[in-house]
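Enquirer: Could you have a look at this structure, given as structure tokens, before my questions?
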Amino acid sequence: MPAKGWFIMLSLIVALLLNLIPLTGTARTLQPDFVALVMLYWYVNEPQRVGISMAFWMGLLMDLSNASTFGQHALGYSVMAFMALVFNRRMGIFEGYKQAPQIGLVLLSGQIVTLLAALIAGSPFPGWNFFLGSIVGTLLWPLLSAILRAPQKLWSASDAR
Amino acid sequence: MIEISPRFFRHSPSLLARTAFFVILSLLLMTLDSRSKYLGGVREIFSVIVYPLQKLAQVPLSMYASASELFQHSEIAEENARLKQQHLVDKGQLLRLRALEAENTQLRKLLNATQRIKNKVTVAEILRVPHDPFNRKVLLDKGSMSGIEAGQAVVDDIGVVGQVTRNYPLASEVTLLTDRDHSVPVQVVRNGLRSIISGTGREGGLELRYMAINTDIREGDVLVTSGIDGVYPPGLPVAVVSQIDRNPNYIFARITCTPAAGVNQNRQLLILSTPAPRTGTPAEAAKMKSPQEAKRQ
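Protein sequences, first through last, are from chains A and B. Take 1 as the starting number for the first sequence in this note's numbering and just add one per residue. Take 162 as the starting number for the second sequence in this note's numbering and just add one per residue.
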């Protein structure tokens with residue numbers, strides 16, 4: 001059964017909250033982009049329910065909370081959404097942790113697009129640490145998709161009864 | 162199971178077209194935002210949406226802080242003792258400073274120079290350190306509702322941290338010294354040499370650009386604000402020269418500095434109100450200069 005609209009919204013808000021947690025030091029370098037991960041989950045599993053505009057708006061919210069140039073995250077997220085929707089069919093074949101490498105690829109591409117945009121605007125190269133967040137995100141993917149799938153299983157079970 | 166039946170003819174634009182639309186829109190926004198100020202209103206609206214979330218994200222951290230405070234009575238006692246000692250030392254220094262200040266006012270009156278303007282200070286807490294390696298900024302929890310304006314200087318207990326660059330109703334955005342677009346006019350304490358210090362965009366990296374190889378500057382020199390810009394009050398510590406690379410192949414020396422203030426370490430910062438511009442035309446500025454400075458020129 002398709003996911004409930006409010007659940008998609010709630011998951012995105014929680015992801016944004018997780019992204020906003022003020023961390024310092026190593027934890028901050030390793031902090032994955034939860035918004036991107038949750039968005040990718042919905043693009044992979046419910047492509048009919050979510051459009052690319054969602055990625056764009058979430059990107060703008062991220063830009064604002066990060067005080068970065070308006071459109072920087074929106075660009076990265078839009079590209080990620082596109083890739084996830086293109087990969088969507090292929091993702092269906094894999095289960096659980098086997099999806100992770102492809103998610104990693106999508107996350108890295110999104111980051112590379114953001115990096116290129118920033119480099120063209122004149123920022124210095126931030127160092128290879130920049131990509132660690134994506135790797136952590138890839139490792140978290142099986143856990144995250146299990147968490148997001150759990151309530152839906154519950155609902156479908158109660159509906160069947 | 163509810164299946165969404167695929168329509169025979171799809172009339173919505175293709176995936177590629179939709180992506181292209183949003184990509185172009187993002188690029189347009191990026192250009193607009195970096196080249197102009199038209200997006201200020203849009204940012205303000207978004208900031209009101211994000212603000213409660215930012216506050217909420219702080220809750221676990223502040224809860225942890227207050228919980229650990231509860232269990233750290235012994236540490237507090239220790240800290241109290243240490244602070245008391247510090248207070249005594251500071252008091253002694255303050256007394257000396259007062260005497261100096263009085264003497265200074267007296268001398269300034271004698272010299273008929275302008276009195277230094279006292280700055281009003283607002284204490285603000287850091288709301289968020291963005292997870293963005295491309296710019297060095299922090300968000301503070303005081304905004305235009307507390308009278309914060311863009312352009313005000315932000316300092317901590319040691320020295321300059323940065324400058325307010327955007328203000329929202331409930332928050333404000335501070336560009337740190339280390340941001341690559343940020344510059345501060347400074348003066349070397351040892352010899353009064355004036356220059357402009359700029360951020361490099363790297364953590365803890367500042368540099369003095371366009372200084373000739375034979376400039377009289379040494380490692381360990383302390384740089385303070387010169388106050389010429391009318392944004393930063395004069396005399397605040399900014400940075401310490403950490404490395405000088407005088408390569409005769411280049412016209413300019415490569416001078417790297419480390420910020421004096423804990424740019425990345427504080428939770429509370431002070432926002433100084435902008436002083437009224439002290440100088441008008443260069444001629445007036447020359448008149449206002451103290452004789453000691455004038456002699457050096």
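From the three backbone atoms N, C-alpha and C, an ideal C-beta is built for every residue, glycine too.
Taking 9 Å as the threshold (beta carbon to beta carbon), is B/Asn296 in contact with chain A?
Expert: Judged by the 9 Å Cβ criterion, B/Asn296 is in contact with chain A.
Enquirer: Please state whether the Cβ-Cβ distance between B/Thr339 and B/Gly381 is less than 9 Å.
Expert: Their beta carbons are not under 9 Å apart, which means B/Thr339 does not touch B/Gly381 by this criterion.
Enquirer: If we ignore side chains and look at the alpha-carbon of each, how far apart do A/Phe130 and B/Leu268 end up?
Expert: Between A/Phe130 and B/Leu268, the C-alpha separation is close to 54 Å.
Enquirer: Which value, in whole angstroms, describes the spacing of the CA atoms of A/Phe56 and B/Leu337?
Expert: Their backbone Cα atoms lie some 28 Å apart in a straight line.
Enquirer: Say whether chain A places a C-beta atom closer than 9 Å to the C-beta of B/Glu380.
Expert: Not closer than 9 Å to any Cβ of chain A, the Cβ of B/Glu380 fails to qualify, so no.
Enquirer: Just tell me which of B/Val209, B/Pro174, B/Val345 and B/Asn408 has its CA closest to the CA of B/Ile389.
Expert: It is B/Val345.
Enquirer: Excluding the 5 residues preceding and the 5 following A/Trp141 in the sequence, name in chain order all residues of the same chain whose CB lies nearer than 6 Å to its CB.
Expert: Same-chain partners within the cutoff: Ala100 and Ile103.
Enquirer: In the structure shown, what three-state DSSP assignment does A/Gly110 receive?
Expert: If DSSP states are grouped into helix, strand and coil, A/Gly110 belongs with the helices.
Enquirer: Kindly indicate which residue of B/Leu433, B/Leu288 and B/Ile206 has the alpha-carbon position closest to the one of B/Val299.
Expert: B/Val299 has its Cα closest to that of B/Leu288, out of B/Leu433, B/Leu288 and B/Ile206.
Enquirer: Using beta carbons (cut-off 9 Å, strictly below), is B/Phe183 in contact with chain A?
Expert: Chain A contact via Cβ: present.
Enquirer: Residues in the stretch 364-397 of chain B with C-beta within 9 Å of chain A's C-beta atoms, listed in sequence order?
Expert: Within the stretch 364-397 of chain B, no residue qualifies.
Enquirer: When DSSP builds the beta bridges, which residues end up paired with B/Gln157?
Expert: One cannot answer for residue 157 of chain B here, as it falls past the ends of chain B, which runs 162 to 458.
Enquirer: Can you give the Cα-Cα distance for B/Leu239 and B/Ile319, rounded to whole angstroms?
Expert: Here the sequence assigns Glu to residue 239 of chain B, which means Leu is not the residue at that position. Approximately 23 Å, taken between the alpha carbons.
Enquirer: What are the partner residues of B/Arg415, as DSSP defines its beta bridges?
Expert: Per DSSP, B/Asp406.
Enquirer: Would you call B/Gln458 buried or exposed, if buried means 16 or more other Cβ atoms sit within 10 Å of its Cβ?
Expert: Because the pLDDT of B/Gln458 is 43, which lies under 50, any placement of that residue in the model is unreliable, and the number read from its coordinates should be weighed accordingly. Answer is exposed; the Cβ neighbour count stays below 16.
Enquirer: Taking B/Lys298 as part of the beta strand (DSSP E), name the residues at either end of that continuous run.
Expert: Per DSSP, B/Lys298 belongs to the beta strand (DSSP E) from Lys298 to Leu301.
Enquirer: As a quick exercise: from A/Leu148, A/Asn45, A/Ser11 and A/Ala81, pick the residue whose alpha carbon is nearest that of A/Ile93.
Expert: Among A/Leu148, A/Asn45, A/Ser11 and A/Ala81, the Cα nearest to that of A/Ile93 belongs to A/Asn45.
Enquirer: Determine which residues of the stretch 68-94 of chain A have a Cβ less than 8 Å from any Cβ of chain B, and write them out in chain order.
Expert: Within the stretch 68-94 of chain A, the qualifying residues are Ser68, Thr69, Phe70, Gly71, Gln72, Ala74, Leu75, Ser78, Val79, Ala81, Phe82, Leu85 and Val86.
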